[in-house]
Amino acid sequence: MSQYTIPDRLFSQAAIQYCGFNQIQAARLWERWEGIQREPDDHPAKVECTFLEILTCFINDSNDVWIGDDTVWIRCMEHWGIATEMQDAIMDQRFKRLRMTRTCVQWIHNTIELRYTGLEHFLQFSSCKALCCDHSSNLGLDQKPQGGIQDTHRKFPSDYSGETLSPAVDVAFPGMTALYKATSEPRVCSRILNPFLDSEGNLERVEALDTPPPSDFSALSSTPYFGTSLQTAHVHAAYLKRRDNRCQEVAVVRLCIPNAAFQSLNSTQIVQAHFPSDDWKKLVWHSKRSLSNKELLRFRRATVVVGSVAGKPGKAFQKLESWKDITEEHVSTIGTYKDGEPDVQYGFISDDGSDFLEAHATDIKVLPYSNEQYLEWMAEHKPE
Numbered sequence: 135m136s137q138y139t140i141p142d143r144l145f146s147q148a149a150i151q152y153c154g155f156n157q158i159q160a161a162r163l164w165e166r167w168e169g170i171q172r173e174p175d176d177h178p179a180k181v182e183c184t185f186l187e188i189l190t191c192f193i194n195d196s197n198d199v200w201i202g203d204d205t206v207w208i209r210c211m212e213h214w215g216i217a218t219e220m221q222d223a224i225m226d227q228r229f230k231r232l233r234m235t236r237t238c239v240q241w242i243h244n245t246i247e248l249r250y251t252g253l254e255h256f257l258q259f260s261s262c263k264a265l266c267c268d269h270s271s272n273l274g275l276d277q278k279p280q281g282g283i284q285d286t287h288r289k290f291p292s293d294y295s296g297e298t299l300s301p302a303v304d305v306a307f308p309g310m311t312a313l314y315k316a317t318s319e320p321r322v323c324s325r326i327l328n329p330f331l332d333s334e335g336n337l338e339r340v341e342a343l344d345t346p347p348p349s350d351f352s353a354l355s356s357t358p359y360f361g362t363s364l365q366t367a368h369v370h371a372a373y374l375k376r377r378d379n380r381c382q383e384v385a386v387v388r389l390c391i392p393n394a395a396f397q398s399l400n401s402t403q404i405v406q407a408h409f410p411s412d413d414w415k416k417l418v419w420h421s422k423r424s425l426s427n428k429e430l431l432r433f434r435r436a437t438v439v440v441g442s443v444a445g446k447p448g449k450a451f452q453k454l455e456s457w458k459d460i461t462e463e464h465v466s467t468i469g470t471y472k473d474g475e476p477d478v479q480y481g482f483i484s485d486d487g488s489d490f491l492e493a494h495a496t497d498i499k500v501l502p503y504s505n506e507q508y509l510e511w512m513a514e515h516k517p518e
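The sequence shown lines up with residues 135 to 518 when you count with the working numbering.
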């Protein structure tokens with residue numbers, strides 16, 4: 135199957151290949167799935183195991199890697215039967231700095247889930263569209279494309295303005311802080327998969343964009359993070375697009391929060407920790423290792439934590455004997471693509487943080503990342 139062929143069935147061997155497996159591994163996984171389907175309805179495997187889990191649950195940490203040597207990454211992916219085209223997408227040198235923020239197995243899981251979710255959303259919409267077209271035809275209604283839109287499987291929230299990702303959206307109104315997060319559009323636009331905004335364009339489910347623990351500022355709880363750099367969000371969006379298989383739409387969520395709202399928080403509610411401070415090193419070292427520490431309770435009790443973004447996965451921090459071993463190599467500078475200032479993020483901690491975000495976020499926009507923007511970015515950042 136061509137990597138550009140979109141399967142017409144979600145539960146199929148073609149869909150398994152579409153999600154990133156080579157032909158041999160796809161056949162094995164399909165055989166495993168069919169075997170489960172032949173079991174009685176009350177069989178534990180049939181009750182508990184979803185199709186997506188068949189594609190991911192066997193890929194474990196047994197040979198995971200996260201060092202900078204690309205050859206060991208390739209060996210890891212070949213071990214799990216990952217197709218060459220998906221290997222090339224994950225290993226694209228334009229994104230190496232971003233790639234090093236997670237392990238090989240984490241990127242494999244993330245990319246499979248990205249493709250699966252995109253395919254699922256596409257097929258759901260295509261099915262609904264076909265039913266609507268049939269119904270309209272029976273009523274004698276003329277079905278004409280609206281406004282020349284080709285990506286008709288997208289469903290934008292009511293706040294969608296038609297704007298695209300551009301430097302112009304990097305300018306916040308005076309007295310506002312603009313924050314960004316790249317994501318796949320079904321996570322923020324689909325009413326079926328994961329509603330994010332309500333019908334008025336206000337935040338409805340912040341958890342749709344949560345980062346699961348352990349994360350930079352939270353050892354045990356899911357936390358929504360937004361960055362301060364549009365350029366960094368651009369890189370994340372491009373990597374999503376690079377690893378997708380033509381089905382998924384990508385967007386950047388841009389929101390603004392009044393500076394006065396941050397200023398209304400006291401010193402225990404908003405806390406800052408930036409590299410190379412000891413506070414940041416301790417916070418990230420303990421959080422990434424899922425460790426609790428009394429000295430860091432002030433971060434857990436905060437509403438908002440502002441600080442540098444970690445540039446290595448949790449396993450890299452777990453290998454360090456002490457937070458004192460953290461160096462500039464453990465900090466993210468994705469937005470610069472040269473040595474520069476670390477990326478900065480806002481973490482909205484626990485329920486208080488989510489409530490604060492829902493109460494004060496304004497001018498929320500879901501900015502589509504178009505194929506034209508993606509191709510232009512890729513051309514501008516060809517590896518030397």
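All C-beta atoms, glycine included, are put in the ideal place defined by N, C-alpha and C.
Note the first and the last residue of the continuous alpha helix (DSSP H) segment covering residue i.
i, result
"residue 406", "Residue 406 -> not in any alpha helix (DSSP H); beta strand (DSSP E) instead, spanning 404 to 407."
"residue 422", "412 to 422"
"residue 224", "218 to 225"
"residue 169", "157 to 171"
"residue 369", "364 to 377"
"residue 448", "448 to 452"
"residue 174", "Premise fails: residue 174 is in no alpha helix (DSSP H) and is neither H nor E."
"residue 204", "204 to 213"
"residue 144", "Run containing residue 144: none; DSSP gives neither H nor E here."
Quick one: residues in its chain with C-beta nearer than 8 angstroms to the C-beta of residue i, no 5 flanking neighbours on either side, listed in chain order?
i, result
"residue 438", "396, 399, 403, 404, 405, 480, 481, 482, 483, 487 and 490"
"residue 512", "228, 372 and 376"
"residue 180", "170, 171, 173 and 174"
"residue 208", "221 and 225"
For residue i, write down the residues that DSSP places opposite it in a beta bridge.
i, result
"residue 476", "DSSP, once it has assigned bridges, lists no residue as partnering residue 476."
"residue 596", "Since the first and last residues shown for the chain are 135 and 518, residue 596 lies out of range."
"residue 189", "Answer by DSSP bridge pairing: none, since residue 189 is not bridged."
"residue 385", "317 and 502"
"residue 465", "444"
"residue 198", "DSSP output for residue 198 lists no bridge partner at all."
Closer than 7 angstroms by C-beta to residue i: which residues in its own chain qualify, once you throw out the five before and the five after it? Chain order, please.
i, result
"residue 430", "416, 417 and 420"
Which residues mark the beginning and the end of the beta strand (DSSP E) in which residue i is found?
i, result
"residue 496", "496 to 502"
"residue 439", "438 to 442"
"residue 358", "357 to 361"
If I measure Cβ to Cβ from residue i and keep anything under 6 angstroms in the same chain, skipping five residues before and after, which residues do I get?
i, result
"residue 422", "348, 448 and 451"
"residue 409", "442, 465 and 476"
"residue 446", "464"
"residue 389", "313, 495 and 498"
"residue 460", "415"
Can you tell me the Cα-Cα spacing of residue i and residue j, whole angstroms?
i, j, result
"residue 214", "residue 153", "13 angstroms"
"residue 140", "residue 249", "11 angstroms"
"residue 468", "residue 174", "50 angstroms"
"residue 514", "residue 362", "22 angstroms"
"residue 340", "residue 492", "7 angstroms"
"residue 434", "residue 354", "10 angstroms"
"residue 162", "residue 150", "10 angstroms"
Any beta carbon from chain B within less than 7 angstroms of residue i's own beta carbon?
i, result
"residue 375", "Included in the structure is just one protein chain, with no chain B present."
Worksheet item: Are the region 385 to 394 and the region 408 to 427 in contact at 8 angstroms, needing three or more beta carbon pairs?
Response: No, they do not touch.
Item to complete: Take every Cβ of the region 452 to 461, pair it with every Cβ of the region 334 to 351, and state whether three or more of those distances are shorter than 8 angstroms.
Response: Output reads no: the region 334 to 351 does not touch the region 452 to 461.
Worksheet item: Within the chosen definition, does the region 228 to 237 reach the region 162 to 177 through at least 3 CB pairs nearer than 8 angstroms?
Response: The region 228 to 237 vs the region 162 to 177: no contact.
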